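Remarks on the structure that follows.
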């Protein structure tokens, strides 16, 4: 059974239809990359999967649990699903350590000692042990984004949603974050990654979904999508990406 | 000229009036401290209730809006009259037999809570929605997000305007003299009526100013410290 099943999901903001009958499956330990122009619905789809946005119609099932029937404990679902945002969204009044420890302590009820232990393990993994007691605004964008990933991982999620996590970064900071994501993929984390980094998508993804105006226009393995896209719209999009020097 | 100095700034009268006005001023200080603490607590509660999401909370939100509209629009002196003379006239044991001091605190708290609620609310609304979203996405409940993420940031941001409102409250403690709280203004008035000299009011004014200036500087200091911290953080 697929770990994530998005079935015929539609979503609009007022008169603007952002998602139109989107269906998507993610197998356990797979990485699915969502590509497509800004405004194609990538972020909205991720937010719907985390119930940060309610869907108008359709069904989302994660790990056998139907999230969209209204009876689900939203907070319980979110414990299993980590999301990382383009703008990091670290809590500015807390240190790096406090950012990472907050949810495990308050949501999972982990003891302070355990939370600290986990936090330092994660800091080690992201290479920022020396920044444990700094406030986020003393960190570079890349460091902040790594902390945001660690914060999400601290809850021990079974699914990670990454929403253009490198789009707000200076070019020279992109690779440190991508390396971390690559590492996550290698540990077998199930992920859905919205990204503009095409070569990264080609390298880590098990499946690529090309979104166009709220629809999945084409999906397939990276080799096929990037080398022989079937849809004219996909070809057009990739041509523009290549023109911009991003592939 | 000599007349002006004698009437308002007579050193002799200053010395004579000082003990009574000073005694009265201590009542102002007490009014101020007790009311400020109550205002800080109630106003945060009102601000949080006004921000509650969902349809079910609509009556509560409406109630809080009526409250803030009413007490922001009503002059403190009227509220003081109604509380100070009206509640005793009700002849209900628990609420009609309180001291004038208590009535003064109630009047000040009612009015200033309405103001300070708006300050808190502005602070809460200034926290970017993405902060809530990040908190909720980690599995924190609505209340946990408010408690650990939104309110701490909001309160930090509104400390200077809060202190500003408290400077207003300090001065307005003098207004509850109208219901017979023996504070500095009332003592000054008594002196002026007995000795036909207004220097007692100068005494009261000096005391209020001496209290206000440190608070104003303290506010400046807090802002400066934060700016320094933020600037250090940015480099």
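Chains as they are written, first to last, in this note's numbering: chain A, 2 to 248; chain B, 12 to 246.
For glycine and all other residues, C-beta sits at the position ideal for the given N, C-alpha and C.
No experiment lies behind these values; they were computed from the predicted model shown.
Quick check on residue i: does DSSP put it in helix, strand or coil?
i: residue 12 of chain B; result: coil
i: residue 67 of chain A; result: strand
i: residue 65 of chain B; result: coil
i: residue 82 of chain A; result: strand
i: residue 54 of chain A; result: coil
i: residue 85 of chain B; result: coil
i: residue 221 of chain B; result: helix
i: residue 41 of chain A; result: coil
i: residue 35 of chain A; result: strand
i: residue 312 of chain A; result: For residue 312 of chain A there is no data in the structure shown, the boundaries of chain A being 2 and 248.
i: residue 87 of chain A; result: coil
i: residue 23 of chain B; result: helix
i: residue 21 of chain A; result: strand
i: residue 189 of chain B; result: helix
i: residue 28 of chain A; result: coil
i: residue 97 of chain B; result: helix
i: residue 35 of chain B; result: helix
i: residue 59 of chain A; result: strand
i: residue 134 of chain B; result: helix
i: residue 227 of chain A; result: helix
i: residue 111 of chain B; result: helix
i: residue 11 of chain A; result: strand
Could you check whether residue j and residue i sit closer than 8 Å to each other, using their CB atoms as the reference points?
i: residue 1 of chain A; j: residue 162 of chain A; result: Lying outside 2 to 248, the shown extent of chain A, residue 1 of chain A is not represented and no answer is given.
i: residue 195 of chain B; j: residue 227 of chain B; result: no
i: residue 197 of chain B; j: residue 188 of chain B; result: yes
i: residue 72 of chain B; j: residue 61 of chain B; result: yes
i: residue 208 of chain A; j: residue 158 of chain A; result: no
i: residue 182 of chain B; j: residue 209 of chain B; result: no
i: residue 3 of chain A; j: residue 27 of chain A; result: yes
i: residue 2 of chain B; j: residue 174 of chain B; result: In the structure as shown, chain B begins at 12 and stops at 246. Residue 2 of chain B is therefore absent and cannot be evaluated.
i: residue 17 of chain A; j: residue 42 of chain A; result: no
i: residue 202 of chain B; j: residue 28 of chain B; result: yes
i: residue 178 of chain A; j: residue 166 of chain A; result: yes
i: residue 211 of chain A; j: residue 235 of chain A; result: yes
i: residue 161 of chain B; j: residue 130 of chain B; result: no
i: residue 38 of chain B; j: residue 185 of chain B; result: no
i: residue 155 of chain A; j: residue 101 of chain A; result: yes
i: residue 46 of chain B; j: residue 86 of chain A; result: no
i: residue 5 of chain A; j: residue 56 of chain A; result: no
i: residue 8 of chain A; j: residue 60 of chain A; result: yes
i: residue 94 of chain A; j: residue 242 of chain B; result: no
i: residue 128 of chain B; j: residue 79 of chain B; result: yes
i: residue 98 of chain B; j: residue 106 of chain B; result: yes
i: residue 78 of chain A; j: residue 206 of chain A; result: no
i: residue 190 of chain A; j: residue 242 of chain A; result: no
i: residue 185 of chain A; j: residue 145 of chain A; result: no
i: residue 94 of chain B; j: residue 56 of chain B; result: no
Is there a Cβ from chain B that is less than 8 Å from the Cβ of residue i?
i: residue 50 of chain A; result: no
i: residue 84 of chain A; result: yes
i: residue 1 of chain A; result: Chain A is shown only over 2 to 248; residue 1 of chain A falls outside these bounds and no answer can be derived.
i: residue 111 of chain A; result: no
i: residue 224 of chain A; result: no
i: residue 156 of chain A; result: yes
i: residue 108 of chain A; result: yes
i: residue 92 of chain A; result: yes
i: residue 169 of chain A; result: no
i: residue 53 of chain A; result: yes
i: residue 160 of chain A; result: no
i: residue 76 of chain A; result: yes
i: residue 163 of chain A; result: no
State yes or no: is the beta carbon of residue i nearer than 8 Å to at least one beta carbon in chain A?
i: residue 145 of chain B; result: yes
i: residue 101 of chain B; result: no
i: residue 167 of chain B; result: yes
i: residue 148 of chain B; result: yes
i: residue 142 of chain B; result: yes
i: residue 151 of chain B; result: yes
i: residue 164 of chain B; result: yes
i: residue 189 of chain B; result: no
i: residue 155 of chain B; result: yes
Below 8 Å, how does it come out for the region 195-204 of chain A and the region 25-42 of chain A: are there three or more Cβ pairs, yes or no? A contact exists between the region 195-204 of chain A and the region 25-42 of chain A.
Below 8 Å, how does it come out for the region 100-110 of chain A and the region 150-164 of chain B: are there three or more Cβ pairs, yes or no? These segments touch.
Beta strand (DSSP E) segments (min. 3 residues) lying fully within the region 95-177 of chain A: DSSP runs (the beta strand (DSSP E)) wholly in the region 95-177 of chain A: 160-164.
Quick check: the region 210-224 of chain A against the region 61-73 of chain A, are there 3 or more CB pairs under 8 Å? They do not touch, by the three-pair rule.
If you scan the region 179-219 of chain A from start to end, which runs of the alpha helix (DSSP H) of 4 or more residues do you find wholly inside it? Segments of the alpha helix (DSSP H) lying fully in the region 179-219 of chain A: 199-205.
So, does the region 111-130 of chain B touch the region 127-135 of chain A, judging by three or more C-beta pairs under 8 Å? Output reads no: the region 127-135 of chain A does not touch the region 111-130 of chain B.
Would you call the region 52-64 of chain A in contact with the region 135-142 of chain A, where contact means no fewer than 3 C-beta pairs closer than 8 Å? Flag = no, the region 52-64 of chain A and the region 135-142 of chain A do not touch.
Do the region 106-116 of chain B and the region 35-55 of chain B make contact, defined as three or more Cβ pairs closer than 8 Å? Yes: at least three Cβ pairs fall under 8 Å.
Please go through the region 145-210 of chain B and give each complete alpha helix (DSSP H) segment of 4 or more residues, from N-terminal end onward. Counting only runs of 4 or more, we get 162-183, 195-206.
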